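Trainee: Please find one structure pasted underneath; my questions will follow.
Residue numbers (the numbering used here): 5 to 184.
Take a look at the structure:
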């Protein structure tokens with residue numbers, strides 16, 4: 005159970021009180037100079053709705069850098085179909101938990117619509133921001149809260165979708181020994 009949880013949750017998460025960390029690259033460089041920190045990875049995190057085939061699912065969307073994520077967790081080793089390395093900038097790929105994929109009735113290669121709580125103003129009025137994504141992988145942690153309510157996209161796609169510019173929600177850290 006501990007290994008499954010730690011594959012999704014980092015040992016330490018650095019965030020800012022306003023919700024966005026501005027100069028995260030500088031902070032990350034300072035942090036990884038500590039000999040007790042063995043890995044770090046930035047992320048952007050927001051609640052969204054995903055729809056497909058007439059079904060709707062609320063999830064915690066995490067924008068990650070697929071090449072950095074293995075430094076803080078092993079979600080990439082729990083992929084059933086596809087690969088986390090298929091999450092590329094501007095490809096708008098999405099990795100779904102197996103329960104979310106089943107609920108939405110989608111498999112790798114299918115399209116889903118991500119709806120954010122942000123609105124855009126159009127001549128027709130205010131509408132929620134939405135974007136089509138292609139399912140690039142399906143993972144299974146064997147924990148319902150993650151398999152049914154967490155999704156991953158590339159951090160650059162998340163930055164564009166959520167309009168965070170060069171800011172991130174935080175930086176995740178992995179320690180050499182969590183229990184010391």
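C-beta: ideal position from N, C-alpha, C; glycine also.
Fair warning: this is a prediction, and the values are worked out from it, not measured in the lab.
Quick check on this structure: which residue in 125, 69, 42 and 140 has the alpha carbon closest to the alpha carbon of residue 163?
Mentor: As a working mapping, residue 163 is identified with position 159 in the chain shown. Among 125, 69, 42 and 140, the Cα nearest to that of residue 163 belongs to 69.
Trainee: Using only the alpha-carbon positions, how far apart do residue 150 and residue 166 sit?
Mentor: Position 146 of the chain shown holds residue 150. Position 162 of the chain shown holds residue 166. Approximately 21 Å, taken between the alpha carbons.
Trainee: Helix or strand or just coil, what does DSSP make of residue 61?
Mentor: Start at 1 with the first residue of the chain shown, and residue 61 comes out as number 57. Residue 61: strand per DSSP, three-state reduction.
Trainee: Once you ignore the five residues that flank residue 95 on each side, which residues in its own chain have a CB closer than 8 Å to its CB?
Mentor: Locating residue 95 in the chain shown gives position 91, where the first residue counts as 1. Only 138, 140, 158 and 161 meet the Cβ criterion.
Trainee: Assuming residue 180 and residue 42 make a contact with CB atoms under 8 Å, what is their CB distance in whole Å?
Mentor: Along the chain shown, one-based indexing puts residue 180 at 176. Along the chain shown, one-based indexing puts residue 42 at 38. Yes, they are in contact, since the Cβ atoms of residue 180 and residue 42 sit about 5 Å apart, within 8 Å.
Trainee: Among all the DSSP beta bridges, which residues are the ones paired with residue 139?
Mentor: Position 135 of the chain shown, counted from the first residue, corresponds to residue 139. Its beta-bridge partners are 98.
Trainee: If we count the other Cβ atoms within 10 Å of its Cβ and call it buried at 16 or more, is residue 173 buried or exposed?
Mentor: Looking up residue 173 in the chain shown gives position 169. Per the 10 Å Cβ criterion, buried.
Trainee: Return the bridge partner residues of residue 47 from the DSSP annotation.
Mentor: The sequence position of residue 47 within the chain shown is 43, counting from 1. DSSP lists 68 and 174 as partners of residue 47.
Trainee: Specify the secondary structure class of residue 89 as computed by DSSP and reduced to three states.
Mentor: Start at 1 with the first residue of the chain shown, and residue 89 comes out as number 85. Three-state result, residue 89: helix.
Trainee: Use the C-beta contact count for residue 109: other C-beta atoms within 10 angstroms, 16 or more gives buried, fewer gives exposed.
Mentor: In the chain shown, residue 109 corresponds to position 105, counting from 1. Exposed.
Trainee: Which residue or residues does DSSP assign as beta-bridge partners of residue 124?
Mentor: Counting from 1 along the chain shown, the entry for residue 124 is found at position 120. The partner list for residue 124 (beta bridge, DSSP) reads 131.
Trainee: Check each candidate in 26, 27, 32 and 22 and name the one with the smallest Cα separation from residue 16.
Mentor: As a working note, residue 16 is residue 12 in the chain shown. Closest option to residue 16, Cα to Cα, is 32.
Trainee: How many angstroms separate the CA atom of residue 145 from the CA atom of residue 127?
Mentor: For this step, residue 145 is matched to residue 141 along the chain shown. For this step, residue 127 is matched to residue 123 along the chain shown. Roughly 44 Å separates the two Cα atoms.
Trainee: Take residue 71 as the anchor and find which of 153, 46, 60 and 22 has the nearest alpha-carbon.
Mentor: Residue numbering aside, residue 71 sits at position 67 when the chain shown is read from its first letter. Checking every option, the nearest Cα to that of residue 71 belongs to 46.
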